[in-house]
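First up is the structure itself, then whatever we jot down about it.
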Amino acid sequence: MKTTTKRKAVVFDCEMAGVAAANNSNSIGKPEEAISLCAIDLLTGETLIHSLIEPQQYRHITDWRTRITGITAAGMRDAAARGEALAGLGAAQAALMEHVDANTVLVGQSLQFDLAALGLGIMPDRISRVVDSAVLAAEAVFGSGEGGTNAGGQESSSSRNENKCTGFPRRWGLKALCREFLGLVIRRPVAGGSGGKTSHDSLEDALATRELVLWCLRNPVELEAWGSWTRAAFDRDMKKEKKEKKQRAKSLRKKQARERRGGRGAGAPGRTRRRSSSPEVERWEDVVDWDVWPKSPPDSD
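With the UniProt record's numbering as the guide, the letters of the sequence shown map in order to residues 1 to 301.
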C-alpha cells in the first residue's frame, strides 16, 4: 500500500463556483463549492496537487465564475473525460489529506473560505494548525484580539478561526498584499486552460501566498512598520469618513427642514421683490437664509 509522507507545512488554494444554497451547508457567506485545488509544500515549493474538481452534480452549479477562473462546464467535462479532474469534493479532500495531518501547518489566504468550499473545517484530528496571510497582515495593523486563528500556526478551534478571519475592521486581499510587500503583480488576465479566460489561478495564488507568508516571517520589523503606518492611515481615513458622514447628515437635516417649512407655507401670500431689470418675481422664501433667520418666517404685509 502506497503511503505519502505528511508535510510539515502546506499552502493550498481553491477556485470556487457558486452553487444553490441547499447544496453546500459548509459555505460562509455566498454558497460555493471548490472546482479546483492546488497544494504546495511551504518549505520546498514542490507542487503536490494541481487539479480541477469535477462537481458530482453539474446542475447544482449556478455560476461557474468563468470570467474569474477560466473554467467552463464544457471544459470541466473534457478534463474529467481525460482523467484530469478529481471526482468530487470527497476525492479532493482525500488528495489533500494524503499530505496533511493534525501536525501539518496549513497555510493560505482567507483560509476559512477555501476550507468551507472544500467541505473541511478546523478539526483537531485532521486540521488544527493554520497560518492565514490575511490574518498576518490584519494583526500587523490592528493587533491580535481575543480568540481566532493564531497566525503563527498554533492550535485553534473552528469558531475561533472563523471569527478571527472576519473580525477585523478591514482585511487586505492577496493581490494588494503581494503588490505592497513583494512588488509582485499577480492575476494578470490570461487564456485559461479550461475553456475561458482567467484572472485567478489556484497555482499562482498558492505560490504567491507562500512568498507572502515567507516574507512576513522573515521580515517582522518591516511588517510591524508597515502595520503602524497603515493603521495611522486607516485611522485618518476613518476620521475623515466620519466627518464627511456627519456633514452629509447635517446637510440632509437642513434640506428636510427647508422642505417641511416650504410645505407649511404653501398657498400663503409671500413677500416678493421685483427686479427692475427682470420681470421675474422672487418670494421671500427664495432669498432668506434660514440658518440665520428665525425658524418662523416673518408675516407678509
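From the three backbone atoms N, C-alpha and C, an ideal C-beta is built for every residue, glycine too.
Can you tell me the Cα-Cα spacing of residue i and residue j, whole angstroms?
i	j	result
Val19	Leu115	16 Å
Leu120	Ala257	55 Å
Val135	Val105	15 Å
Gly227	Ala138	8 Å
Glu146	Pro169	Annotation note: pLDDT 38 at Glu146 (below 50); position unreliable, coordinate value reported separately. If you take the alpha carbons of Glu146 and Pro169, they lie about 15 Å apart.
Ala151	Lys255	Its pLDDT being 46, under 50, Ala151 is placed unreliably in this model, and the coordinates cannot settle the point.
residue 339	Arg261	Past the boundaries of the shown model lies residue 339; the chain is included only from 1 to 301, so the question cannot be answered.
Glu222	Trp229	11 Å
Gly88	Pro55	5 Å
Lys240	Arg253	20 Å
Lys250	Lys243	11 Å
Gly153	Val131	Its pLDDT being 46, under 50, Gly153 is placed unreliably by the model, and nothing is read from it.
Ala102	Arg231	35 Å
Gln57	Leu177	36 Å
Ile61	Trp172	28 Å
Ser144	Ser110	16 Å
Ala225	Cys216	12 Å
Gly90	His200	23 Å
Asn219	Arg236	26 Å
Ala74	Ala94	25 Å
Arg248	Met238	15 Å
Val292	Glu259	Here Val292 scores only 42 on pLDDT, less than 50, and its place in the model is too uncertain to base an answer on.
Arg82	Met76	10 Å
Leu182	Arg59	41 Å
Check the C-beta distance from residue i over to residue j and give it rounded, since I have them as a contact under 8 Å.
i	j	result
Thr47	Ile53	Incorrect: roughly 16 Å between the Cβ atoms, too far for contact.
Thr209	Asp13	7 Å
His50	Leu203	5 Å
Lys245	Val100	The Cβ separation is near 46 Å, so there is no contact.
Please list, in chain order, all residues of the same chain as residue i whose beta carbon is under 6 Å from its beta carbon, the five residues on each side excluded.
i	result
Ala34	Cys14, Met16, Ile53, Ala117, Leu118
Asp30	The question names Asp, yet the displayed sequence has Lys at residue 30. Contacts found: none.
Glu180	none
For the beta strand (DSSP E) containing residue i, name the first residue and the last one.
i	result
Gln33	In the sequence on display, residue 33 carries Glu and not Gln. Counting along the chain, the beta strand (DSSP E) containing Glu33 begins and ends at 32 to 41.
Phe12	9 to 19
Thr47	47 to 54
Thr62	61 to 63
Leu86	85 to 87
Candidates the options: which alpha carbon is nearest residue i's?
i	options	result
Lys8	Gly45, Ala232, Cys216, Ser36	Gly45
Ser211	Leu184, Arg261, Glu241, Pro55	Strictly speaking, residue 211 in this sequence is Glu, with Ser absent from that position. Per the Cα distances, Leu184.
Arg126	Leu203, Ala74, Met97	Met97
Asp205	Thr69, Lys6, Ala21, Thr5	Thr69
Gln112	Ala74, Ala94, Gly167, Glu84	Gly167
Could you please give the first and the last residue of the uninterrupted alpha helix (DSSP H) stretch that includes residue i?
i	result
Thr69	66 to 69
Asp101	Premise fails: Asp101 is in no alpha helix (DSSP H) and is neither H nor E.
Thr209	202 to 218
Ser133	133 to 142
Leu115	111 to 117
Leu184	It is not in any alpha helix (DSSP H) - Leu184 carries neither H nor E in the DSSP assignment.
Leu177	174 to 177
Trp77	Inspection of the sequence shows that residue 77 is occupied by Arg rather than by Trp. 73 to 81 is the extent of the alpha helix (DSSP H) around Arg77.
Within a Cβ cutoff of 7 Å, which residues of the same chain sit near residue i, ignoring the five residues on either side of it in sequence?
i	result
Ala92	Ala34, Leu37, Ile53, Leu86, Leu118
Phe234	Val141, Arg170
Glu32	Met16, Ala17, Gly18, Val19, Asn24, Ala117
Lys295	Unreliable positioning characterises Lys295 in this predicted model, as indicated by a pLDDT of 41, which lies under 50. The coordinate reading is nonetheless provided below. So the list is empty, once near-sequence residues are dropped.
Lys175	Ile186, Arg187
Ala80	Glu54
Ala21	Pro31
Looking only at its own chain, which residues have a Cβ that is under 8 Å from the Cβ of residue i, when we skip the five neighbours before and after it?
i	result
Val213	Val11, Leu42, Val107, Val131, Ser133, Leu136
Glu84	Ser51, Leu52
Thr4	Glu98, His99
Any Cβ of chain D within less than 8 Å of the Cβ of residue i?
i	result
Lys240	No chain D is present in this structure, which holds just one protein chain.
Report yes if the C-beta of residue i is less than 7 Å from at least one heavy atom of the ligand SAM; otherwise report no.
i	result
Phe142	Within the structure as shown, the ligand SAM is missing, as the structure has no ligands at all.
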